[in-house]
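As C-alpha cells, the structure follows; a few thoughts come after it.
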Amino acid sequence: MFVKQLFIADFDENLFHTFVPPPNGLSVEDAYTKAIWHMWGERGVRTFWRCGGLGNRAPSELIDLMLKINSDLGKHPERSLNFVGNQFGGASASSIFTEVLIKKKLEILMSQIQRFPDGTMWPGPTKGALDFLRWVSEQPHLGLAIISSGHEEFIRKTFEVAGVPQPDFMVTEDQIRYRKYPKDIRDRVKPAPFPLALVHQWWLRKNLYGPSYHDGNFNNIASQERRRFVYTGDGTKDLHMALKGEVTFGMFTENSQGLEPEIYEASFLFNNWKDIVVVLAKNRSRLESGVPIGDILVREAGGRPMEGLRRRL
Ligand SMILES: [Mg+2]
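Residue numbers for the sequence shown follow my numbering, so the first one is 390 and each next one is one higher.
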C-alpha cells in the first residue's frame, strides 16, 4: 500500500532568512515600526517598544497587547476603515487595527522580495532549503505544509522568486485571525497546538475521505495519521507546539548561537536541509510502506523519540 506522509515546516528562519534585513532595506521589525508610526505616530512606537518590540508575535497578538498596555490607542478605529475597507465596519477595534498593521507592513515587506543582479535574493534561503523544497515537491509520497505567523501572500511570492513550487497547504496568520474560536488569540497561535490541528484537519479531509472516514475507527485512524507528520522549526515556540500537538519535532539549528537547553527537547537537530533530503531519499520505500517519517528522521539523526508521544500512540 502506498502511504502518503506530510512534512510540515515553519517559514521564518527555518526555510528563509526573513529576519535578516535586505541590503539597504528594512527589517521585519523596521517594517512593523514604520507601520505603527503610520497608525499612531510616536505614542504608538513607544507602546511597541514597551511590549519589547515584535518578539516573534503574530500581528493580532501584538495589537491585543498594545491596546492592553495603552488603551488610548484603541480609540477611533473607524477612522481606519477607508484604509482597510468597509467590510470591517462593526468589527472590534483590535480587528480593525490588526488589519491596518498587516496591510501597511505587508506593503513595505512585499516590495522588498526580489532577486538581485548577483543572483542572490531576499529573503535568502536557509542552508539547503531550496534543494529540499524542489526535491519534496517531486515526491508523490510526501506532502509539504507550512505553519507560519506570517502571511500567505508573502510566502507565495518568496517561493515564486526562489523558483520553487508552492507548498500543498499553509496555516498562516491569514487563516487564524478571522476565527471566532478559540476565543483567546494565544490559543490560536504557536506555541498552542491549534495550527497543527488545522493542518491535521486538512490532511484528514484530503486523504481519508472515503469509506474509512465514516466508520467507527475514525478517531483511531485520525490520531494514527499524526504519526505520518513531522514538524520542523527554529524556535522554542515551534518545539512547544509540536510537543503539545504530539508531532515529532526537528529543530533547525543553522542560526542557533550556542545550544539553548530547550533544543535538547527536540527529537532531532539539523543544520542543513540537504541532510533531510539524503535521509528521506534513502528511505523512500520505507516511507511509502508507512514507516512514520518522524521515526525515520529521529533514527537517522541519532535523535530520540518524543517522550509521551510514544506512550500515547
Ligand atoms: Mg521561525
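Built from N, CA and C at the ideal position, the CB exists for glycine as well.
Taking 8 angstroms as the cut-off, the beta carbon of Ser612 is found no closer than this to the beta carbon of Lys579. Around the CB of Ala655, 16 or more other CB atoms lie within 10 Å, so the residue is classed as buried. Between Leu519 and Val553, the gap from beta carbon to beta carbon is short of 8 angstroms. Within the chosen limit of 7 angstroms, ligand 1 reaches the beta carbon of Asp399 through at least one heavy atom. Judged by the Cβ position, Gly622 qualifies as a neighbour of ligand 1 at the 7 angstroms threshold, a heavy atom of the ligand being closer than this.
Distance from the CA of Trp662 to the CA of Met640, rounded to the nearest whole angstrom, comes to 11 angstroms.
Following the DSSP letters along the chain, one finds Gly430 inside the alpha helix (DSSP H) bounded by residues Val417 to Arg439. By the CB criterion at 8 angstroms, Pro448 and Leu490 fall inside the cutoff. DSSP places Asp557 in the coil class of the three-state scheme, outside both helix and strand. For Ile485, the uninterrupted alpha helix (DSSP H) run begins and ends at Ala482 to Met499, by DSSP.
When beta bridges are read from the DSSP output, Trp662 appears opposite no residue. The alpha-carbon of Asn672 is positioned some 45 angstroms away from that of Ile452.
The beta carbon of Glu402 sits closer than 7 angstroms to at least one heavy atom of ligand 1. The DSSP-derived three-state label of Val550 is helix. Between Thr515 and His406, the beta carbon gap of about 6 angstroms places them in contact (Cβ cut-off 8 angstroms). Counting C-beta atoms within 10 angstroms of its own C-beta, Asp399 has 16 or more neighbours from the protein chains shown and is therefore classed as buried. Taking the CA atoms as reference points, Lys393 sits about 35 angstroms from Val409.
In the three-state DSSP reduction, His629 falls in the helix class (H, G or I). For Leu533, the enclosing beta strand (DSSP E) starts and ends at Leu531 to Ile536.
According to DSSP, residue pairing for His406 in a beta bridge involves Gly513.
The Cβ atoms of Ile682 and Arg617 sit closer than 8 angstroms to each other.
In the three-state reduction of the DSSP assignment, Asp401 falls in the strand class. Gly622: member of the beta strand (DSSP E) spanning Phe618 to Gly622, first to last residue. Shortest Cα-Cα distance from Leu632 to any of Phe437, Trp438 and Pro582 involves Pro582.
Approximately 5 angstroms separates the beta-carbon atoms of Glu418 and Leu443; this is inside 8 angstroms, confirming the contact. Distance between Asp664 and His629, taken at the CA atoms: about 23 angstroms. In the DSSP assignment, Gly639 falls within the beta strand (DSSP E) that extends over Thr637 to Phe641. Only residues of its own chain outside the window of five on either side were considered, and among them Ile485, Glu488, Val489 and Lys492 have a CB closer than 8 angstroms to the CB of Val473, listed in chain order. Just measuring C-alpha positions, the residue of Gly430, Gly532 and Ile425 sitting nearest Leu495 is Ile425. Taking all protein chains shown into account, Thr509 has fewer than 16 neighbouring C-beta atoms within 10 Å of its C-beta and is therefore exposed.
Phe391 sits away from Val619, with the two beta carbons spaced by 8 angstroms or more. Excluding sequence positions up to five before and after Pro584, its CB lies within less than 6 angstroms of the CB of Ile536 and Val560, all in the same chain and listed in chain order.
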